[in-house]
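Quick notes on the structure that follows.
Number of protein chains: 2
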Amino acid sequence: MKKIFVAIAALAIGLSASAQQALFGGPSVESPVINPDGTVTFRFQAPKAIKVEVTGDFLPTQKMEVEFGGQKMVYDAPGVGVLKEGKGGVWEYTTDFVVAPDMYNYTFRVDGVSQIDPHNMWVNRDVASLTSVLLVPAPGERSDLYAIHKVPHGTVSKVWYHSNTAGFDRRLTVYTPAGYETSKAKYPVLYVLHGIGGDEDAWVTQGRATQILDNLIARGEAKPMIVVFTNGNIACEAAPLENADGYVNPTMSLPKTMEGTFESAFPEVVKFIDSRYRTIAKKQGRAICGLSMGGFHTLYITLNNPDMFNYSGMFSAAIGTGSEQAASGHPEIYQNFDAKLATYFSKKPALLWIGIGKTDFLIQSNNEFREKLNAAGYPYKYMETDGGHIWKNWRIYLSEFVPLIFK
Amino acid sequence: MKKIFVAIAALAIGLSASAQQALFGGPSVESPVINPDGTVTFRFQAPKAIKVEVTGDFLPTQKMEVEFGGQKMVYDAPGVGVLKEGKGGVWEYTTDFVVAPDMYNYTFRVDGVSQIDPHNMWVNRDVASLTSVLLVPAPGERSDLYAIHKVPHGTVSKVWYHSNTAGFDRRLTVYTPAGYETSKAKYPVLYVLHGIGGDEDAWVTQGRATQILDNLIARGEAKPMIVVFTNGNIACEAAPLENADGYVNPTMSLPKTMEGTFESAFPEVVKFIDSRYRTIAKKQGRAICGLSMGGFHTLYITLNNPDMFNYSGMFSAAIGTGSEQAASGHPEIYQNFDAKLATYFSKKPALLWIGIGKTDFLIQSNNEFREKLNAAGYPYKYMETDGGHIWKNWRIYLSEFVPLIFK
């Protein structure tokens, strides 16, 4: 038996130095650990560090002032936990509160420099930063939807379509529900749009959308549906590391994101999906939703194609940011707003759903939009949650929206 | 325009602290940078660090001795580059040599503690470690196959099948070549197996297999084919973060990996693929290959199913490690080896391909296997490369093997 064990260890020789260290008797640090009492312990090995902190959205927020372009903005920044050094240079921090069941991002700050948790293999990219992920699932809680369960799983595919607008092939993430491949039925389609700095991966990594879909469908709380995650950066082929431009790090400031080109090109995505998949290729079989910039996109795609979607969801929608006035690409997308709104509602869509956080910096513009709807007597559903412009809310909104569509 | 810019900045408020830092005037560190002269610069910000190093397979190796289970082993460890501190606590190291076009993994060591590059969003998981990725592609070089080009891209899907052997659903990665979805033709299938500690993601992340396939097919150097990446850890549903066991970090020591159960269960994967996809469902339309443990699996799956695969590839195969003698699951898989070998070759397979590195610790057992083949006059193709038991070699072997199959 020993011979085999040594042989297996020898197989590790191709591994990185740190993997070897772990195998060959180096320190084993477990982090994060969800304790039986509901607190969470974070550990970080740094024998020579002076200060190690952890920051993330599991901690209470603190007010922070930033200056940008000469303007001061106050916002709720994530709190900070201070680790204490223990044996072997392993620093440790345990929350003095029960961490509520949810999904969180966190990073360490070692002498002021941000680091992910090297002992946690679950890493998400958040625009141009990497963050470690903490998932605290609990039966009966919403976070249970974010966990993987022993239920039938849909297929998650990276699919390329040719965009005539862009002039090149572009990548989508497509979820086909369990049973799609062995069925002959036609399925409804939900289009899900990301925010600024995001891409076709964001809802799957940060949003846990495919887990939410798997679980809601398995519970019978949502209809089996095809879900398409688009890339709203029409100037790009795909997510930053998945395009032919090579070694380019992601950025917030991509061209052609909120000036009408993506919205005007959207029907070509719908056409592609209807040609590739067994879809219910009419209004009754289509829904669209998006977060932040994607909520802005959702609104204008819906209004400009009033016969295309029966269900639309605006999650913390970035409306009223002024982009509509500065549109250089397809300004017609944003024009005649009131008339388009009247046409849209005259066609009696099944659902317009709006969700936003109480402290979201976009709540005022969303309130103004709702006042307009109220004044005209246009029907919509509204959800207001605690917190601001954060993924925690967008996962909530998706899991609220999905059960309401295609019923 | 300013108003829009501020609005866009405000959208970033939901981002992590480090992303905000980058947006709101924090330090911008570019790393890694491939310089015009072919050297590469690595940077790491750590104002209070005493020593910052970079290690990775782009550096010349150095001999290292490790002790494991009372036995001493000498191996070629990655070299170390020492960074020097500059302005703003940003440490920097530039290679004093041209980094050959290839794909590399690297990590920083900050006061002895391993860290990935926080400014490089390209991170791969290597069993239980995260490593940053450096890709140096060059036209005409093999590494050009690892880069994404503006060529038709295949679809890459995460697909679940039910394993009767395991008793639960298990995950595969499936590549369907560009054109598959719009064609009515039947396609050949290549099954690609990972090494110990790997999973159905390893060949896609570390192996760049889907890029290699896209590019070889686009060049006309490989036939369009379906490629199936299995998970050889039959006790698991999927990759460590993709299964219902929850928050479990990956490990090398998974049960039931080299004791016959996975190999005996392999026909159920083939059956599933033949039922789900338009395949050439016979020996002439099937190939199999694998690295290390996956090469071991490949050999025994091939020998135990002599009518199933026309092409088999053993990459740094972990044969002769003693696992065959200790098999507790399905020992019959490993028995009557010579007779099975005779039967296999009597059926005239189109290709048995063997590749291994000159300094691979498994070269002796591979040589012994080849001597056996030579003595019996059994035909095979052989490739010997520099280096050892490393991904660099496995990418080479895949890109050599794929053009030879289904011709």
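For the record, the sequence lines run as chains A and B.
Going by the working numbering, the letters in the first sequence line up with residues 71 to 477, in that order.
Going by the working numbering, the letters in the second sequence line up with residues 71 to 477, in that order.
We put the beta carbon where it would ideally sit given N, CA and C, even for glycine.
Inset, instruction - Ignore the nearest five residues each way along the sequence and tell me which others in residue 474 of chain B's own chain have a CB closer than 8 Å to its CB. - result: 381, 421, 423 and 451
Legend entry - Sequence-distant residues of its chain with Cβ nearer than 8 Å to residue 101 of chain A (five each side left out): 111, 112, 113, 114, 187, 189 and 190
Inset, instruction - Look up residue 181 of chain A in the DSSP assignment and say whether it is helix, strand or coil. - result: coil
Inset, instruction - Count the other CB atoms, across all protein chains shown, that sit within 10 Å of the CB of residue 447 of chain A; report buried if there are 16 or more and exposed otherwise. - result: exposed
Inset, instruction - Express the C-alpha separation of residue 234 of chain B and residue 342 of chain B in angstroms, rounding to a whole number. - result: 11 Å
Legend entry - Under 8 Å (Cβ pairs) to chain B, residues found in the region 191 to 216 of chain A: 191, 192, 193, 195, 196, 197, 198, 199, 200, 201, 205 and 207
Legend entry - As assigned by DSSP and simplified to three states, the class of residue 476 of chain A: coil
Legend entry - Inside the region 115 to 198 of chain A only - beta strand (DSSP E) runs reaching at least 3 residues: 122 to 126, 132 to 138, 141 to 147, 150 to 152, 160 to 164, 173 to 180, 183 to 185 and 193 to 196
Inset, instruction - From the DSSP output, read off the bridge partner residues of residue 427 of chain A. - result: A:455
Legend entry - Buried/exposed call for residue 232 of chain A, threshold 16 Cβ in 10 Å: exposed
Inset, instruction - Ignore the nearest five residues each way along the sequence and tell me which others in residue 147 of chain A's own chain have a CB closer than 7 Å to its CB. - result: 131, 132 and 134
Legend entry - Status (buried if at least 16 other CB within 10 Å, exposed otherwise) for residue 309 of chain B: buried
Legend entry - Residue from B:331, B:228, B:250 and B:287 whose Cα sits closest to the Cα of residue 271 of chain B: B:228
Inset, instruction - Report the rounded CA-to-CA distance for residue 219 of chain A versus residue 248 of chain A, giving the unit in angstroms. - result: 13 Å
Legend entry - residue 160 of chain A: contacting residues in chain B (beta-carbon distance under 8 Å): Those do not exist, as residue 160 of chain A stays about 10 Å from chain B at its closest Cβ, beyond 8 Å.
Legend entry - Cα-Cα separation between residue 472 of chain B and residue 432 of chain A, rounded to whole angstroms: 53 Å
Inset, instruction - Say whether chain A places a C-beta atom closer than 8 Å to the C-beta of residue 186 of chain B. - result: yes
Inset, instruction - Would you decide whether residue 89 of chain A is buried or exposed? Buried here means 16 or more other CB atoms lie within 10 Å of its CB. - result: Note on residue 89 of chain A: pLDDT 41, under 50, position unreliable in the model; the coordinate value appears next. Classification for residue 89 of chain A: buried.
Inset, instruction - Using the Cα positions of residue 366 of chain B and residue 290 of chain B, report the straight-line distance between them to the nearest angstrom. - result: 30 Å
Legend entry - Contacting positions in the region 223 to 244 of chain A - beta carbon closer than 9 Å to chain B: 223, 224, 225, 226, 227, 228, 229, 230, 238, 239, 241 and 244
Inset, instruction - Would you mind telling me which residues of chain A sit closer than 8 Å to residue 116 of chain B, beta carbon to beta carbon, in chain order? - result: 180, 181 and 183
Inset, instruction - Report the residue from B:357, B:364, B:425 and B:334 whose alpha carbon sits nearest the alpha carbon of residue 405 of chain B. - result: B:334
Legend entry - N-terminal and C-terminal residue of the beta strand (DSSP E) that residue 239 of chain A is part of: 238 to 246
Legend entry - Neighbour list for residue 311 of chain A in chain B, Cβ cutoff strictly below 8 Å: 191 and 192
Legend entry - Among B:344, B:337, B:140 and B:109, nearest to residue 164 of chain B - alpha-carbon criterion: B:109
Inset, instruction - Label residue 77 of chain A either buried or exposed according to how many other C-beta atoms from any shown protein chain fall within 10 Å of its C-beta, with 16 as the threshold for buried. - result: With a pLDDT of 44 at residue 77 of chain A, under the threshold of 50, the predicted position of this residue should be treated as unreliable, and no value is reported.
Inset, instruction - Give a yes or no on contact between the region 322 to 332 of chain A and the region 377 to 397 of chain A, applying the rule of three or more CB pairs nearer than 8 Å. - result: yes
Legend entry - Supposed close pair residue 200 of chain B, residue 245 of chain B - CB separation, criterion 8 Å: Actually they are not in contact, since the Cβ atoms of residue 200 of chain B and residue 245 of chain B sit about 24 Å apart, beyond 8 Å.
Legend entry - CA-to-CA distance, residue 296 of chain A to residue 400 of chain B, given in whole angstroms: 40 Å
Inset, instruction - Would you mind reading off the limits of the beta strand (DSSP E) that contains residue 357 of chain A? - result: 356 to 361
Inset, instruction - Note down, in chain order, all residues in the region 339 to 360 of chain A with a beta-carbon under 7 Å from any beta-carbon belonging to chain B. - result: 346
Legend entry - Residue range of the unbroken alpha helix (DSSP H) whose run includes residue 228 of chain A: That residue, residue 228 of chain A, is in no alpha helix (DSSP H); its beta strand (DSSP E) goes 225 to 233.
Inset, instruction - Name, please, each residue of chain B whose Cβ falls closer than 7 Å to the Cβ of residue 220 of chain A. - result: 238 and 314
Legend entry - Beta-carbon contacts of residue 71 of chain B that lie in its chain and below 7 Å, excluding the five residues immediately before and after: The predicted position of residue 71 of chain B is uncertain, since its pLDDT is 35 and thus under 50; a value taken from the coordinates is nonetheless stated next. So the list is empty, once near-sequence residues are dropped.
Inset, instruction - Run the CB neighbour count on residue 103 of chain A, radius 10 Å, all protein chains shown included, and call it buried at 16 or more, exposed below. - result: exposed
Inset, instruction - Report buried or exposed for residue 119 of chain A, applying the criterion of at least 16 other Cβ atoms within 10 angstroms of its Cβ. - result: buried
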